[in-house]
Amino acid sequence: MRAIQLKEYGGPEVLKVVELEVPKPAENEVLIKIEAIGVNYADTARREGQYVIDTPLPFVPGAEVAGTVAETGNGVTRFKKGDKVVTLLGSSRATGYAEYTVAEERGLIPVPEGVDLKQAVSLPLQGLSAYHILKTMGRVEKGETVLVHAAAGGVGTIAVQLAKLFGAGKVIATASTAEKRRLALEMGADEAVDYTLEGWEKEVLQLTDGKGVDVALEMAGGDVFRKTLSCMAPFGRLVIYGVASGEQSRLYPSSLMAQNLSVIGFFLPQIMRKKEIYLQSLSDLLGHLQKGELKLTIGGVYPLEQAGEVHEMLQGRQTKGKLILVP
43 MRAIQLKEYG GPEVLKVVEL EVPKPAENEV LIKIEAIGVN YADTARREGQ
93 YVIDTPLPFV PGAEVAGTVA ETGNGVTRFK KGDKVVTLLG SSRATGYAEY
143 TVAEERGLIP VPEGVDLKQA VSLPLQGLSA YHILKTMGRV EKGETVLVHA
193 AAGGVGTIAV QLAKLFGAGK VIATASTAEK RRLALEMGAD EAVDYTLEGW
243 EKEVLQLTDG KGVDVALEMA GGDVFRKTLS CMAPFGRLVI YGVASGEQSR
293 LYPSSLMAQN LSVIGFFLPQ IMRKKEIYLQ SLSDLLGHLQ KGELKLTIGG
343 VYPLEQAGEV HEMLQGRQTK GKLILVP
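Given below as C-alpha coordinates:
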(Lines of atoms letter the chains of each structure in order from A and count residues from 1; the text may use other names and numbers.)
(Lines give C-alpha, C1' and ligand atoms only; values in the text may rest on other atoms or scores of the structure.)
Protein backbone atom coordinates (compact mmCIF):
# COMPACT_ATOMS: atom_id res chain seq x y z
CA MET A 1 0.00 0.00 0.00
CA ARG A 2 1.03 3.62 -0.47
CA ALA A 3 1.77 5.63 2.65
CA ILE A 4 3.47 8.85 3.70
CA GLN A 5 6.42 8.27 6.02
CA LEU A 6 9.09 10.37 7.69
CA LYS A 7 12.51 8.96 8.55
CA GLU A 8 13.86 12.18 10.03
CA TYR A 9 12.36 15.24 11.71
CA GLY A 10 12.14 18.42 9.71
CA GLY A 11 10.09 20.49 7.27
CA PRO A 12 7.36 19.28 4.90
CA GLU A 13 10.01 17.88 2.56
CA VAL A 14 10.71 14.96 4.95
CA LEU A 15 7.28 13.49 4.16
CA LYS A 16 7.96 10.80 1.54
CA VAL A 17 5.70 8.42 -0.41
CA VAL A 18 6.65 4.83 0.40
CA GLU A 19 5.30 1.33 -0.21
CA LEU A 20 4.44 -0.63 2.95
CA GLU A 21 2.79 -3.97 3.68
CA VAL A 22 -0.95 -3.83 4.30
CA PRO A 23 -1.30 -4.45 8.07
CA LYS A 24 -3.20 -7.48 9.34
CA PRO A 25 -5.84 -6.96 12.03
CA ALA A 26 -5.02 -8.62 15.33
CA GLU A 27 -7.62 -9.87 17.80
CA ASN A 28 -10.38 -7.30 18.38
CA GLU A 29 -9.06 -5.12 15.54
CA VAL A 30 -10.39 -4.24 12.10
CA LEU A 31 -8.61 -3.36 8.87
CA ILE A 32 -9.93 -0.08 7.44
CA LYS A 33 -9.74 0.89 3.77
CA ILE A 34 -9.12 4.60 4.28
CA GLU A 35 -11.18 7.02 2.20
CA ALA A 36 -10.53 10.29 4.05
CA ILE A 37 -7.71 11.48 6.33
CA GLY A 38 -7.89 14.53 8.56
CA VAL A 39 -4.80 16.78 8.64
CA ASN A 40 -4.03 18.51 11.93
CA TYR A 41 -1.43 20.68 13.65
CA ALA A 42 -0.52 17.63 15.72
CA ASP A 43 0.72 15.99 12.50
CA THR A 44 3.07 18.91 11.84
CA ALA A 45 4.36 18.75 15.42
CA ARG A 46 5.00 15.02 14.98
CA ARG A 47 6.90 15.74 11.76
CA GLU A 48 9.09 18.31 13.52
CA GLY A 49 9.72 16.13 16.57
CA GLN A 50 7.95 18.72 18.73
CA TYR A 51 4.87 16.74 19.78
CA VAL A 52 3.76 16.42 23.41
CA ILE A 53 4.88 12.79 23.40
CA ASP A 54 7.81 11.19 21.56
CA THR A 55 7.51 10.32 17.86
CA PRO A 56 9.52 7.18 16.99
CA LEU A 57 11.17 6.98 13.56
CA PRO A 58 10.36 5.90 10.92
CA PHE A 59 6.83 7.20 11.41
CA VAL A 60 3.61 7.40 9.40
CA PRO A 61 1.66 10.41 10.70
CA GLY A 62 -2.11 10.82 10.85
CA ALA A 63 -4.53 9.94 13.63
CA GLU A 64 -7.89 10.83 12.10
CA VAL A 65 -9.39 8.51 9.48
CA ALA A 66 -12.71 7.50 7.95
CA GLY A 67 -13.36 4.61 5.59
CA THR A 68 -14.88 1.17 5.21
CA VAL A 69 -14.15 -2.04 7.10
CA ALA A 70 -12.07 -4.28 4.81
CA GLU A 71 -11.37 -7.17 7.21
CA THR A 72 -12.11 -8.08 10.81
CA GLY A 73 -9.90 -9.84 13.34
CA ASN A 74 -10.98 -12.53 15.78
CA GLY A 75 -13.32 -11.30 18.47
CA VAL A 76 -14.82 -8.42 16.47
CA THR A 77 -18.61 -8.46 16.90
CA ARG A 78 -19.93 -4.93 16.25
CA PHE A 79 -18.66 -4.41 12.70
CA LYS A 80 -18.58 -6.32 9.44
CA LYS A 81 -16.93 -5.88 6.07
CA GLY A 82 -18.27 -2.83 4.22
CA ASP A 83 -19.38 -0.85 7.29
CA LYS A 84 -18.51 2.84 7.21
CA VAL A 85 -16.53 3.94 10.27
CA VAL A 86 -14.59 6.86 11.67
CA THR A 87 -11.97 6.83 14.42
CA LEU A 88 -8.96 8.36 16.08
CA LEU A 89 -6.03 5.98 15.86
CA GLY A 90 -4.32 5.16 19.12
CA SER A 91 -2.37 1.99 18.40
CA SER A 92 1.38 2.10 17.86
CA ARG A 93 0.69 -0.03 14.76
CA ALA A 94 -1.68 2.54 13.32
CA THR A 95 -0.88 4.39 10.11
CA GLY A 96 -3.12 7.32 9.16
CA TYR A 97 -1.51 8.78 6.01
CA ALA A 98 -1.98 5.54 4.07
CA GLU A 99 -4.40 3.45 2.02
CA TYR A 100 -5.12 1.04 4.88
CA THR A 101 -4.82 1.03 8.65
CA VAL A 102 -5.78 -1.12 11.61
CA ALA A 103 -7.81 0.09 14.59
CA GLU A 104 -9.26 -1.39 17.74
CA GLU A 105 -12.97 -2.20 17.45
CA ARG A 106 -13.77 -0.44 20.71
CA GLY A 107 -12.56 2.90 19.31
CA LEU A 108 -14.65 2.79 16.13
CA ILE A 109 -17.79 4.85 15.59
CA PRO A 110 -20.27 3.92 12.82
CA VAL A 111 -20.89 6.76 10.37
CA PRO A 112 -24.63 7.60 10.36
CA GLU A 113 -26.70 7.34 7.20
CA GLY A 114 -26.44 10.48 5.11
CA VAL A 115 -23.14 11.66 6.61
CA ASP A 116 -20.31 11.91 4.06
CA LEU A 117 -16.99 10.35 5.08
CA LYS A 118 -15.17 13.63 4.44
CA GLN A 119 -17.54 15.30 6.89
CA ALA A 120 -17.18 12.48 9.39
CA VAL A 121 -13.36 12.67 9.36
CA SER A 122 -13.58 16.37 10.23
CA LEU A 123 -14.95 15.54 13.67
CA PRO A 124 -12.79 13.12 15.69
CA LEU A 125 -9.81 15.32 16.51
CA GLN A 126 -11.03 18.89 16.05
CA GLY A 127 -14.66 18.21 16.91
CA LEU A 128 -13.80 16.28 20.06
CA SER A 129 -11.25 18.93 21.00
CA ALA A 130 -13.81 21.71 20.67
CA TYR A 131 -16.40 19.65 22.54
CA HIS A 132 -14.21 18.80 25.53
CA ILE A 133 -12.39 22.13 25.72
CA LEU A 134 -15.78 23.81 26.10
CA LYS A 135 -17.72 21.25 28.13
CA THR A 136 -15.28 19.05 30.06
CA MET A 137 -12.46 21.51 30.74
CA GLY A 138 -14.05 24.95 30.25
CA ARG A 139 -17.35 23.89 31.90
CA VAL A 140 -19.25 26.48 29.89
CA GLU A 141 -22.59 27.40 31.44
CA LYS A 142 -25.76 28.85 29.97
CA GLY A 143 -25.49 32.59 29.32
CA GLU A 144 -21.69 32.79 29.63
CA THR A 145 -19.38 34.58 27.20
CA VAL A 146 -16.89 32.49 25.23
CA LEU A 147 -13.79 33.74 23.39
CA VAL A 148 -12.63 31.54 20.48
CA HIS A 149 -9.22 32.30 18.96
CA ALA A 150 -8.43 31.17 15.40
CA ALA A 151 -12.18 30.91 14.90
CA ALA A 152 -11.92 30.14 11.18
CA GLY A 153 -9.76 27.06 11.77
CA GLY A 154 -10.83 23.46 12.17
CA VAL A 155 -11.32 23.59 15.95
CA GLY A 156 -12.50 27.20 15.89
CA THR A 157 -15.38 26.82 13.41
CA ILE A 158 -16.75 23.88 15.40
CA ALA A 159 -16.16 25.54 18.78
CA VAL A 160 -18.15 28.64 17.77
CA GLN A 161 -21.15 26.46 16.91
CA LEU A 162 -20.86 24.15 19.91
CA ALA A 163 -20.58 27.08 22.30
CA LYS A 164 -24.01 28.21 21.08
CA LEU A 165 -25.41 24.67 21.26
CA PHE A 166 -24.12 24.44 24.84
CA GLY A 167 -25.95 27.64 25.79
CA ALA A 168 -23.32 30.40 25.62
CA GLY A 169 -24.90 33.85 25.71
CA LYS A 170 -22.23 35.49 23.56
CA VAL A 171 -19.43 34.11 21.40
CA ILE A 172 -16.54 36.41 20.46
CA ALA A 173 -14.35 35.10 17.65
CA THR A 174 -10.88 36.23 16.64
CA ALA A 175 -9.26 35.75 13.23
CA SER A 176 -6.52 37.40 11.19
CA THR A 177 -8.38 38.36 7.99
CA ALA A 178 -11.74 39.89 7.07
CA GLU A 179 -12.66 36.72 5.15
CA LYS A 180 -11.96 34.53 8.15
CA ARG A 181 -13.92 36.82 10.47
CA ARG A 182 -16.89 36.68 8.09
CA LEU A 183 -16.73 32.89 8.23
CA ALA A 184 -16.75 32.97 12.04
CA LEU A 185 -19.85 35.18 11.99
CA GLU A 186 -21.51 32.80 9.52
CA MET A 187 -20.80 29.97 11.95
CA GLY A 188 -22.74 31.83 14.65
CA ALA A 189 -20.26 34.11 16.41
CA ASP A 190 -21.82 37.29 17.77
CA GLU A 191 -18.69 39.40 17.35
CA ALA A 192 -15.43 39.05 15.41
CA VAL A 193 -12.14 40.71 16.34
CA ASP A 194 -8.85 41.07 14.44
CA TYR A 195 -6.25 39.73 16.86
CA THR A 196 -3.37 40.96 14.67
CA LEU A 197 -4.18 44.56 15.66
CA GLU A 198 -2.61 46.20 18.68
CA GLY A 199 -5.08 46.43 21.54
CA TRP A 200 -7.43 43.66 20.43
CA GLU A 201 -7.83 42.57 24.05
CA LYS A 202 -9.27 46.01 24.89
CA GLU A 203 -11.84 45.52 22.14
CA VAL A 204 -12.83 42.18 23.69
CA LEU A 205 -13.31 43.90 27.05
CA GLN A 206 -15.43 46.61 25.41
CA LEU A 207 -17.63 43.94 23.80
CA THR A 208 -18.29 42.50 27.27
CA ASP A 209 -18.95 45.92 28.88
CA GLY A 210 -15.69 45.54 30.77
CA LYS A 211 -16.66 42.27 32.45
CA GLY A 212 -14.37 40.00 30.42
CA VAL A 213 -14.99 36.51 29.04
CA ASP A 214 -15.92 33.46 31.08
CA VAL A 215 -14.27 30.81 28.89
CA ALA A 216 -11.40 31.27 26.40
CA LEU A 217 -9.94 28.77 23.91
CA GLU A 218 -6.26 29.54 23.33
CA MET A 219 -3.77 27.75 21.11
CA ALA A 220 -1.27 30.39 19.95
CA GLY A 221 0.83 30.98 23.06
CA GLY A 222 3.15 33.91 23.66
CA ASP A 223 1.63 37.35 23.42
CA VAL A 224 -1.84 35.99 22.58
CA PHE A 225 -1.87 33.99 25.82
CA ARG A 226 -0.82 36.98 27.92
CA LYS A 227 -3.43 39.27 26.39
CA THR A 228 -6.15 36.64 26.65
CA LEU A 229 -5.47 36.30 30.36
CA SER A 230 -5.96 40.05 30.72
CA CYS A 231 -9.51 39.93 29.37
CA MET A 232 -10.87 37.10 31.54
CA ALA A 233 -13.87 37.67 33.81
CA PRO A 234 -13.81 36.70 37.51
CA PHE A 235 -13.99 32.88 37.79
CA GLY A 236 -12.92 32.69 34.13
CA ARG A 237 -11.43 29.51 32.64
CA LEU A 238 -8.68 29.83 30.02
CA VAL A 239 -8.11 26.51 28.26
CA ILE A 240 -4.79 25.98 26.45
CA TYR A 241 -4.74 23.38 23.69
CA GLY A 242 -1.67 24.32 21.67
CA VAL A 243 1.29 26.66 21.18
CA ALA A 244 1.12 27.38 17.44
CA SER A 245 3.47 30.37 17.69
CA GLY A 246 6.15 28.20 19.30
CA GLU A 247 6.54 30.86 22.00
CA GLN A 248 6.06 29.75 25.58
CA SER A 249 4.70 32.20 28.15
CA ARG A 250 5.72 32.77 31.74
CA LEU A 251 2.82 32.59 34.19
CA TYR A 252 2.91 33.90 37.75
CA PRO A 253 0.42 31.72 39.65
CA SER A 254 -0.37 34.45 42.19
CA SER A 255 -1.73 36.60 39.34
CA LEU A 256 -4.70 34.21 39.14
CA MET A 257 -5.80 34.72 42.72
CA ALA A 258 -7.47 38.13 42.65
CA GLN A 259 -10.16 37.05 40.17
CA ASN A 260 -10.29 33.32 40.93
CA LEU A 261 -9.02 32.53 37.43
CA SER A 262 -8.20 29.07 36.11
CA VAL A 263 -5.64 28.21 33.42
CA ILE A 264 -6.30 24.68 32.19
CA GLY A 265 -4.33 22.44 29.85
CA PHE A 266 -6.05 20.16 27.35
CA PHE A 267 -4.62 17.10 25.55
CA LEU A 268 -7.12 14.96 23.64
CA PRO A 269 -5.37 11.56 24.08
CA GLN A 270 -6.20 11.78 27.80
CA ILE A 271 -9.89 11.95 26.85
CA MET A 272 -9.43 8.92 24.57
CA ARG A 273 -8.25 6.89 27.55
CA LYS A 274 -11.75 7.33 28.98
CA LYS A 275 -13.48 5.29 26.26
CA GLU A 276 -17.02 5.90 27.49
CA ILE A 277 -16.57 9.69 27.34
CA TYR A 278 -14.79 9.50 23.98
CA LEU A 279 -17.41 7.29 22.31
CA GLN A 280 -20.39 9.19 23.71
CA SER A 281 -19.08 12.60 22.75
CA LEU A 282 -18.17 11.53 19.20
CA SER A 283 -21.63 9.98 18.81
CA ASP A 284 -23.14 13.27 20.04
CA LEU A 285 -21.15 15.22 17.45
CA LEU A 286 -22.16 12.90 14.61
CA GLY A 287 -25.77 13.27 15.78
CA HIS A 288 -25.54 17.08 15.63
CA LEU A 289 -24.08 16.74 12.15
CA GLN A 290 -26.80 14.37 10.96
CA LYS A 291 -29.53 16.72 12.28
CA GLY A 292 -27.99 19.70 10.50
CA GLU A 293 -27.15 21.45 13.79
CA LEU A 294 -23.44 21.50 12.98
CA LYS A 295 -21.84 22.84 9.81
CA LEU A 296 -18.39 21.68 8.83
CA THR A 297 -16.06 23.81 6.72
CA ILE A 298 -13.91 21.73 4.38
CA GLY A 299 -10.94 23.92 3.49
CA GLY A 300 -9.59 21.58 0.80
CA VAL A 301 -9.32 17.95 -0.32
CA TYR A 302 -5.92 16.83 -1.65
CA PRO A 303 -4.33 13.58 -2.87
CA LEU A 304 -2.17 11.72 -0.37
CA GLU A 305 0.99 12.58 -2.32
CA GLN A 306 0.49 16.29 -1.55
CA ALA A 307 0.81 15.81 2.23
CA GLY A 308 3.92 18.02 2.36
CA GLU A 309 2.20 20.85 0.51
CA VAL A 310 -0.82 20.59 2.80
CA HIS A 311 1.43 20.80 5.88
CA GLU A 312 3.06 23.89 4.41
CA MET A 313 -0.32 25.55 3.80
CA LEU A 314 -1.54 24.67 7.29
CA GLN A 315 1.51 26.08 9.03
CA GLY A 316 1.48 29.15 6.81
CA ARG A 317 -2.08 29.90 7.97
CA GLN A 318 -3.18 30.01 4.35
CA THR A 319 -6.27 27.92 4.99
CA LYS A 320 -9.62 27.92 6.71
CA GLY A 321 -11.64 24.96 7.91
CA LYS A 322 -10.61 21.31 7.65
CA LEU A 323 -7.91 19.99 5.32
CA ILE A 324 -8.35 16.43 4.07
CA LEU A 325 -6.11 13.94 2.28
CA VAL A 326 -7.53 11.12 0.15
CA PRO A 327 -5.51 8.00 -0.84
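Residue numbering for the sequence shown follows our numbering, starting at 43 and increasing by one per position. Ideal placement from N, C-alpha and C gives every residue a C-beta, glycine not left out.
Check: Since Asp236 sits in a beta bridge, which residues does DSSP pair it with?
Finding: Ala217
Checklist line | 7 Å Cβ shell around Thr86 - same chain, five flanking residues per side excluded | finding: His353, Leu356 and Gln357
Next item on the list: Below 6 Å CB to CB, which residues in the same chain sit around Lys212 once its five sequence neighbours on both sides are set aside?
Entry: Thr187 and Asp232
Item checked: Between the CA atoms of Ala262 and Ala398 - distance to the nearest angstrom -> Nothing can be reported for residue 398: it is not among the residues displayed for the chain, which extend from 43 to 369.
Item checked: Neighbourhood of Ser218 by C-beta, 8 Å cutoff - its chain only, sequence neighbours within 5 removed -> Asp236, Tyr237, Thr238 and Arg359
Note to self: Quick check for students: name the residue ranges of the beta strand (DSSP E) that lie wholly in the region 69-105, counting only runs of 3 or more.
What the structure shows: 71-81
Notebook entry, point to check: Do you know how far the Cα of Met229 is from the Cα of Phe208?
Noted result: 14 Å
Check: Between Leu324 and Lys364, which are expected to be in contact by the criterion C-beta below 8 Å, what is the C-beta distance as a whole number of angstroms?
Finding: Not really, about 16 Å apart at Cβ, beyond 8 Å.
Next item on the list: Determine, using beta carbons only, whether Ile76 and Ala162 come nearer to each other than 8 Å.
Entry: no
Next item on the list: Label Glu63 either buried or exposed according to how many other C-beta atoms from any shown protein chain fall within 10 Å of its C-beta, with 16 as the threshold for buried.
Entry: exposed
Margin query: Whether or not the region 306-322 and the region 190-204 are in contact is what I'm after, with contact meaning three or more pairs of Cβ atoms, one per stretch, closer than 8 Å; do they touch?
Written below: no
Margin query: Quick check on Pro295: does DSSP put it in helix, strand or coil?
Written below: helix
Notebook entry, point to check: Rounded to a whole number of angstroms, what is the C-alpha to C-alpha distance between Pro67 and Ser287?
Noted result: 39 Å
Note to self: If you measure between the beta carbons of Leu131 and Thr143, is that distance less than 8 Å?
What the structure shows: yes
Notebook entry, point to check: Does the beta-carbon distance from Leu170 to Asn82 come in below 8 Å?
Noted result: no
Notebook entry, point to check: Which stretch, first to last residue, makes up the beta strand (DSSP E) that contains Met274?
Noted result: Met274 to Ile282
Checklist line | Neighbourhood of Val111 by C-beta, 7 Å cutoff - its chain only, sequence neighbours within 5 removed | finding: Val72, Ile74, Phe121, Lys122, Lys123, Gly124, Asp125 and Val127
Check: When the Cα of Lys317 is compared with those of Ser297, Leu150 and Pro54, which residue comes out closest?
Finding: Leu150
Check: When burial is assigned at 16 or more other CB atoms within 10 Å of the CB, is Asp265 buried or exposed?
Finding: exposed
Notebook entry, point to check: From Gln332 to Val153, what distance separates their C-alpha atoms?
Noted result: 10 Å
Next item on the list: Go through the region 336-368 residue by residue and report every complete run of the beta strand (DSSP E) that reaches 3 residues or more, in order.
Entry: 340-345 and 364-368
Item checked: Rounded C-alpha distance that separates Gly138 from Val157 -> 21 Å
Check: For Gly263, which of helix, strand or coil comes out of DSSP?
Finding: coil
Checklist line | The beta strand (DSSP E) enclosing Lys58, as first and last residue numbers | finding: Lys58 to Glu61
Item checked: For Glu318, the three-state DSSP class (helix, strand or coil) -> helix
Margin query: Would Glu50 and Val56 be called neighbours here (beta carbons separated by less than 8 Å)?
Written below: yes
Check: From Gly342 to Arg315, what distance separates their C-alpha atoms?
Finding: 31 Å
Next item on the list: Compute the distance between the beta-carbons of Val182 and Val305, then report whether it is under 8 Å.
Entry: no
Item checked: Integer Cβ distance of Lys222 from Glu243, believed to fall under 8 Å -> 18 Å between Cβ atoms; not a contact.
Next item on the list: Would you mind sorting Ile79 into buried or exposed? The rule is 16 or more other CB atoms within 10 Å of its CB.
Entry: buried
Check: For the putative contact between Ala205 and Leu176, defined by C-beta atoms under 8 Å, what is the C-beta separation to the nearest angstrom?
Finding: 6 Å
Check: For the candidate residues Val285, Arg292, Leu336 and Ala349, whose alpha-carbon lies nearest to that of Ser164?
Finding: Leu336
Next item on the list: May I ask you to report which of helix, strand or coil DSSP gives Lys177?
Entry: helix
Note to self: Beta-carbon within less than 7 Å of Thr129's beta-carbon, same chain only, minus the 5 sequence neighbours each way: which residues are those?
What the structure shows: Val107, Ala145, Gly149, Leu150, Ile151 and Pro166
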